[in-house]
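Reading through the structure tokens given below for one structure.
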Amino acid sequence: MKKITEFEKLVYAATKKIPRGRVSTYQEIARAIGKPKSARAVGNALGKNPFAPKVPCHRVVKSTGEVGGFLNGTFEKMKLLKKEGVLNLGGRVVSLDHKLYVFR
DNA sequence: AGACTGACATACC
DNA sequence: CGGTATGCCAGTC
């Protein structure tokens, strides 16, 4: 069904680029697609997440270093993140500046 | 078909 | 810490 827009395509493409063991923020993704003010729109697109496991929205965190809204029922994925050493107990990112993946 | 409102996982003041 | 500003989407009228 691919009912996605060009904007979402960019968001998913950027999110998919996140390597394992790394995380990114909505702000970074928004900036990566050329709309640094669209962090919310990024979240909106990821929230739909038609590419569920393809687009690791669980690997995208808030700009504050918190894990983000995927905790809302998807917290099982958080375990995987912890396994990758990205998250810390309590749903916090381990040194965001150290794990943050920046699009270039 | 066109316009408005609500919702969303942020950012800024 | 709280309210306002911003961007995109979806549903509704």
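Quick note on numbering: our numbering labels position 63 of the first sequence as 70, and the sequence is numbered without any gaps.
Cβ coordinates follow ideal geometry from the N, Cα and C atoms, glycine included.
Quantities reported herein were computed from a predicted structural model and do not represent experimental measurements.
Asked, Found
"Using a 10 Å radius around the Cβ and a threshold of 16 neighbouring Cβ atoms, would you call glycine 80 buried or exposed?", "Caution applies to glycine 80, whose pLDDT of 47 falls short of 50 and renders its modelled position unreliable; the value that the coordinates give is listed next. Flag for glycine 80 reads exposed."
"Find the nearest neighbour of glutamine 34 within the set Ile25, Arg66, Val49, judged by alpha-carbon distance.", "Val49"
"List the whole-angstrom C-beta distance separating phenylalanine 13 from alanine 52, where the pair is believed to meet the contact cut-off of C-beta under 8 Å.", "Looking at the sequence itself, residue 13 is glutamate, so the reference to phenylalanine does not match. Incorrect: roughly 11 Å between the Cβ atoms, too far for contact."
"From cysteine 64 to asparagine 56, what distance separates their C-alpha atoms?", "8 Å"
"So what does DSSP say about glutamine 34, is it helix, strand or coil?", "helix"
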